[in-house]
Structure formats: C-alpha cells, structure tokens
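Beneath this line is the structure, given in structure tokens, with notes to follow.
Residue numbers (my numbering): 96 to 245.
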C-alpha cells in the first residue's frame, strides 16, 4: 500500500459455510407386472464410456379422431335459425290467408245484401203498385169514331 494512504475500513473475510448434502429419500417402489418391465439397454459413447439404462419406447400418440369441420353447437344454432324462419314464414302465410278469408267473407256479405236488398225492393214495389190501381177488364169493345163503347 501507499505510505500516505490509510485504509478507512477494515476488510472482512467470510468463510463459506459447507452445505450438508441433501438427505436422499428412497424412491417409491411401484409394483409392476413382469411382462411390463422395460428392457435394459447399454450404449457405448464415442469417448469409450458405457451408459446403461432402460430403453424408452417412443411415446405412442392416441389416434386423433377426425373433428367435424363445423362444431355441433354451430349446427344446432343454424338449424334453430332455419326452423325459426320456417315458422315465421308459416305465420306470415297464415296471416295472409286469414286476411284473404276475411276479405272474401266481407264480399260475400255485401253480395248477399245486394241480392237480398234487390229482392226486397222488387217485392215492396210490386205490391204497392197493385194496391192503389184500378183494374179494367175489357171483354169486347167496339171503337167507332174515336168513341169507346164497352
């Protein structure tokens, strides 16, 4: 160090504390059928080391079921909409039919009133003509010189 320089702080030295090794818990033993025990395989690495372990079968993926292009919910909603439109169309036709039937019945009532009213008018007018008139029966008449002799 430098002669003019005095350290302001003292240097602290920490000694590492040894970490105890973890307590090894025994792995649980899973009972397996003898036919399902995997085979043991050994591999020699390029540097000469031998690695031994269980052979791992490639993971078999479950066969993927073909999903429909459209979900069932979408199909149900669409069918419900088609049914609703069919019902609305039917109701529209029903209201049109009721309106046409009402117009037809109205025309029949007017026609009946005209015919019945005409018949009543003919009956009234024909009876009134006979009440006030004079009936003349001519049996033999001789007309001489513009004179009527009956």
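A virtual CB, placed ideally from N, CA and C, is assigned to each residue, including glycine.
All values derive from a computational prediction rather than experimental measurement.
Handout entry: Extent of the continuous beta strand (DSSP E) to which residue 138 belongs
Key = It spans 135-139 - the beta strand (DSSP E) in which residue 138 sits, taken as one unbroken run.
Problem - Straight-line gap, residue 181 to residue 171 (C-alpha atoms, nearest Å) - result: Roughly 15 Å between the two C-alpha positions.
Handout entry: Cβ neighbours of residue 217 in the same chain (closer than 8 Å, five flanking residues each side left out)
Key = Listed in chain order, the non-local C-beta contacts of residue 217 below 8 Å within the same chain number zero, local neighbours out to five positions each way being set aside.
Handout entry: Strand pairing of residue 147, partner residues [DSSP]
Key = 137, per the DSSP bridge assignment.
Practice task
To the nearest angstrom, report how far apart residue 169 and residue 163 are at their CA atoms.
Solution key: Going from the Cα of residue 169 to the Cα of residue 163 covers about 11 Å.
Handout entry: Helix, strand or coil at residue 182 [DSSP, three-state]
Key = Secondary structure at residue 182: helix, using DSSP grouped into helix, strand and coil.
Handout entry: Inter-residue spacing [alpha-carbon to alpha-carbon] between residue 156 and residue 140
Key = Rounded to whole angstroms, residue 156 to residue 140 spans 30 Å at the Cα level.
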